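The sequence shown begins at 26 in this note's numbering and counts up by one. Here the structure is laid out as structure tokens; the discussion comes afterwards.
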Amino acid sequence: MPPASGYAASNGAAYERFIGRWTARLGREIAARSLPSAPGPLLDVGCGTGSLSAALAAMHPDRAITGIDPAVAYLDFARAREDCAQVTFASGDAQALDAEDRSFAGVYAAIVLNFLADPAAAAREMRRVLRAGGLAVAAGWDFRGGLVYQRLLWDSAASLDPDAAALRDRLFSHPLALPDGLDALWREAGFVDVTRDEVTIRMDFADFDDYWQPLLGGQGPVGGYVAGLEPDLRRRVEAAVRAAFLSGSPDGPRSLTATAWLVSGSAPNGDARP
Ligand SMILES: C[S@@+](CC[C@H](N)C(=O)[O-])C[C@H]1O[C@@H](n2cnc3c(N)ncnc32)[C@H](O)[C@@H]1O
26 MPPASGYAAS NGAAYERFIG RWTARLGREI AARSLPSAPG PLLDVGCGTG
76 SLSAALAAMH PDRAITGIDP AVAYLDFARA REDCAQVTFA SGDAQALDAE
126 DRSFAGVYAA IVLNFLADPA AAAREMRRVL RAGGLAVAAG WDFRGGLVYQ
176 RLLWDSAASL DPDAAALRDR LFSHPLALPD GLDALWREAG FVDVTRDEVT
226 IRMDFADFDD YWQPLLGGQG PVGGYVAGLE PDLRRRVEAA VRAAFLSGSP
276 DGPRSLTATA WLVSGSAPNG DARP
């Protein structure tokens, strides 16, 4: 059994409402921009409810695809998806992959590595299981500069609650959220031809309720924070976030941008690793 994750991951449907509906958009961009040239199977590390796995399956109908994650509730959700019929989902830990050396032509991790206790171990594991000439891809939110939905929440809550300020600072200043964080990780792991790009999607909320209610589902650091607030503070945080969300106009649709860093690298051809 993989170790319990530090990422609050108790309910697949709640994850979908919270962020899976948006990581589906991100996953489609990642899959379209990151095409492995070598034939062979693909691995989605930290697959969650299957956002990227589904996108990979649509792009590569003839490849075997495996998704691994420690969250049983997310795996159950992913296994029930019709667009993931081609994908095998298994319980697993990115930091100790249960796979043979050099067994995949492409390895992917979308919005995962910054949540791990030891991201360097996960990068080494992704390198270990990648074939010579294979493609390794990681994406991570640009929390500090590019994730508007979290800016609204944390900056509003931080003015009322020091715990929110501390959580914001930890997430936003994580080395892998900084512009060159994922590149450095990939180079240290031994990938070559490392390149960085960025992907921006839009999160299209119908109204404030459509933004706020999914946060009460308790998934991830944001959901864990909001769902864990005692009622009076939660009401005050909600009022402050609502004012920031509305920004002077009546309630209704808001389209917020979300940018992720996207890093790619390869396992060297003629790779002589063990
Ligand atoms: C923000 S979600 C991203 C999920 C998915 N890749 C997506 O794009 O929607 C982070 C995921 O990392 C997973 N995770 C946490 N610890 C992990 C570990 N040690 N190994 C693999 N995945 C892990 C969580 O369970 C969760 O599914």
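Note that CB positions come from ideal geometry on N, CA and C, so glycine has one too. Please read these numbers as outputs of a predicted model, since none were measured by experiment.
For residue i, the three-state DSSP class (helix, strand or coil)
| i | result |
| --- | --- |
| Gly117 | coil |
| Phe168 | helix |
| Phe140 | helix |
| Ala157 | strand |
| Arg88 | coil |
| Arg279 | strand |
| Tyr133 | strand |
| Phe230 | strand |
| Met26 | In this prediction, Met26 has a pLDDT of 42, which is less than 50 and means its spatial position is unreliable; what the coordinates show is noted afterwards. Of the three classes helix, strand and coil, the one that applies to Met26 here is coil, per DSSP. |
| Ser181 | helix |
| Asp123 | coil |
| Tyr32 | coil |
| Ser78 | helix |
| Leu203 | coil |
| Gln238 | helix |
| Leu254 | coil |
| Gly37 | helix |
| Gly52 | helix |
Same chain only: Cβ atoms within 8 Å of residue i, ignoring 5 sequence neighbours per side
| i | result |
| --- | --- |
| Ala39 | Pro239, Gly242, Gly243, Gln244, Gly248 |
| Glu41 | Thr74, Phe102 |
| Gly171 | Glu223, Thr225, Thr282, Ala283, Thr284, Ala285 |
| Arg58 | Asp222, Val224, Leu287 |
| Thr48 | Gly73, Ser76, Leu77, Ala135, Ile136 |
Proximal residues to residue i (C-beta, below 6 Å), its chain only, five neighbours per side dropped
| i | result |
| --- | --- |
| Leu21 | Outside the displayed range of the chain (26 to 299) lies residue 21, so it cannot be described from this structure. |
| Tyr174 | Met228, Leu281 |
| Asp108 | Ala79 |
| Ala292 | Leu155, Ala157, Gly159 |
| Thr220 | Ser289 |
| Arg259 | none |
| Phe114 | Gly92, Leu100, Ala103, Arg104 |
| Val132 | Leu68, Met151, Leu155, Ala161 |
| Ala182 | Ala189, Val262 |
Residues bridged to residue i (per DSSP)
| i | result |
| --- | --- |
| Trp286 | Gly165, Glu223 |
| Val70 | Ile93, Ala134 |
| Val112 | Ile90 |
| Ser291 | Leu160, Val217 |
Contacting residues, own chain, Cβ-Cβ under 7 Å from residue i (five flanking each side not counted)
| i | result |
| --- | --- |
| Tyr99 | Ala34, Gly37, Tyr40, Gly73, Thr74 |
| Asp143 | Gln120 |
| Gly277 | Asp232 |
| said: Quick check: the stretch 176 to 184 against the stretch 74 to 87, are at least 3 beta-carbon pairs closer than 8 Å? | reply: no
| field | Three or more C-beta pairs below 8 Å linking the stretch 253 to 267 and the stretch 192 to 212 | value | no
| query | Do the stretch 188 to 197 and the stretch 209 to 220 meet, that is, are 3 or more Cβ pairs less than 8 Å apart? | reply | no
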